[in-house]
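Written out below as structure tokens is the structure these notes cover.
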Amino acid sequence: MDQGGAAMRIAVLKERAAGETRVSATPETVKKFIALGAVVAVEAGAGEAASIADVDYAAAGAEVTANPATGADIVLGVQGPDPAALAGVNPGAWVVAGLDPFGQRARVDGYAAAGLEALAMEFMPRITRAQSMDILSSQSNLSGYKAVIEAANVYGRAFPMMMTAAGTVSAAKAFIMGVGVAGLQAIATARRLGAQVSATDVRSATREQIQSLGAKPIFVESVAGIEGEGAGGYATEMSEEYQKAQAELVSSHIAKQDIVITTALIPGRAAPRLITDAQIATMKPGSVIFDLAAPAGGNVEGSKPDEVVVKHGVKIIGYANTPAKLPADASALFSRNLYNFLSAFWDKEAGRPVLDEEIGNAIRLTHGGKVVNERLLG
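Heads up: the sequence shown runs through residues 13 to 390, numbered per my numbering.
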């Protein structure tokens, strides 16, 4: 990334992936980047699906153009752009986006071949100072909320208990599997809607979090010494003994539930199977399962992204891209993550961001024409 004394040029591209409605910068963050001394070029129509008009970007000071990548030092994206779309960027330009490094390895190789420095925002380390830069957390928060709203929409009954002159409607029973960021928001949302909420996780430390939100923790008690927490706070896969015990617990509990939300994802791995067809068969007809892991292979046997699958009278739903169903809010949070990241490392004298080793080495995929990230070289 060589400015040659000129102002740092940041390009905001229109997303090309099917179903992607988000955008990587908003007028709010455009103004902030310009305040740092950068020039911001936004592709015409980039914010349309997120209800942001070109005139709003222009009013914030951005150049609205058909070819924002030309002369760019940094290219922002929600999903990684095709390397071919980056022709005309400056040598060594940064590509800052959610790059899906494991699922899109060929594209990462393309960035290396083009001499670009690809920075994967989903590889951001889970440390205190990087919390405001964490796209996985910001987008998962919205996903947890949306999962409950969609489940409520498909469910043929009301969530809260209602006492009416015609009789009482019982509260729905909602079970949240996986209490990360998405799961915690799902618990909170289901509670707000009036459901009786229970939740489980492989990490025993989440018990207090579940209780603090007014839900009932459901944990395997017979298998001791398994915390289930790996490096960086991510859940890890469990032993066969724990998995068997958990399956038995879930089988007995799930049969009584009206709504189940599954949220288990392990970065770079296929989603762990939490619910089998046999367990679905024990649920009441009309029950609903929302599988947030559907695009990663699914926590639920038979789930398919963007399809309503009916098994044993139970509706199984899930989206290929849940945050994209809330494009305005998802874009606002995602774009702030990007700004928080770049501004934290902005060197005023150099007029550009300069990364440190801890975060730089964690998120840098390519440099100097090569793939350099240890997670991709193992």
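All C-beta atoms in this analysis are idealised placements derived from N, C-alpha and C, irrespective of residue type, glycine included.
- Within the same chain, Cβ atoms closer than 6 Å to the Cβ of V300 are found at A163, V166, Y167, I271 and K327, the five residues on either side in sequence being excluded.
- Beta-bridge analysis with DSSP links D85 to no other residue.
- Contact between L377 and V120 holds, with the beta-carbon distance rounding to 5 Å and staying under 8 Å.
- R364 sits buried, since 16 or more C-beta atoms from the chains shown fall within 10 Å of its C-beta.
- In this structure, the straight-line span from the alpha carbon of A344 to that of A37 is close to 8 Å.
- The continuous stretches of alpha helix (DSSP H) do not include Q116, and DSSP gives it neither H nor E.
- The alpha-carbon separation between K323 and G115 amounts to approximately 29 Å.
- With contacts defined by Cβ atoms closer than 9 Å, S144 and G192 do not form a contacting pair.
- DSSP assignment within the stretch 163-205 yields the following whole beta strand (DSSP E) runs of 3 residues or more, N-terminal first: 174-176, 179-181 and 185-189.
- Nearest to A19 by alpha-carbon distance, out of F135, E361 and G372, is E361.
- Only exposed fits S224, as fewer than 16 other CB atoms lie within 10 angstroms of its CB.
- The criterion of a C-beta distance shorter than 9 Å is satisfied by I139 and E370.
- Judged by DSSP secondary structure, Q255 falls within the alpha helix (DSSP H) whose first and last residues are E252 to I266.
- For the pair of segments examined, the stretch 44-58 was found not to touch the stretch 121-137: the number of CB pairs separated by less than 8 Å stays below three.
- Collapsing the DSSP output to three states places G110 in a strand.
- Comparing C-alpha distances from F346 to each of S149, A130 and G127 shows the shortest one belongs to S149.
- For the stretch 276-355, the full-length beta strand (DSSP E) segments reaching 3 residues or more read 300-303, 321-323 and 326-329 along the chain.
- Under the Cβ criterion (8 Å, minimum of three pairs), the stretch 88-97 does not count as touching the stretch 62-69.
- A217 counts as exposed, since fewer than 16 other C-beta atoms from the protein chains shown sit within 10 angstroms of its C-beta.
- For A74, no alpha helix (DSSP H) encloses it, and the DSSP letter there is neither H nor E.
- A contact between stretches requires three or more CB pairs, one per stretch, nearer than 8 Å, and the stretch 205-214 fails this requirement with the stretch 293-308.
- Looking at the backbone, the Cα of A23 and that of T77 are separated by about 10 Å.
- Distances from the CA of A72 to each of N79, A84 and V52 were compared; the closest alpha carbon is that of V52.
- Counting of Cβ neighbours within 10 angstroms places T180 among the exposed residues, the total staying below 16.
- DSSP places Q223 inside the alpha helix (DSSP H), whose first and last residues are R219 to S224.
- Of all alpha-carbon atoms in A184, A132, K228 and E313, the one lying nearest the alpha-carbon of G280 is that of A132.
- Each residue's CA atom was taken as its position, placing P229 and L25 some 43 Å apart.
- In the DSSP assignment, L131 falls within the beta strand (DSSP E) that extends over E129 to A132.
- In the displayed model, R34 falls within coil according to three-state DSSP, outside both helix and strand.
- The C-alpha of P307 is placed about 9 Å away from the C-alpha of D318.
- Annotation: A29 to S355 spans about 27 Å, alpha carbon to alpha carbon.
- No Cβ-Cβ contact shorter than 9 Å links A109 with P339.
- Per DSSP, the beta-bridge partners of V209 are A186.
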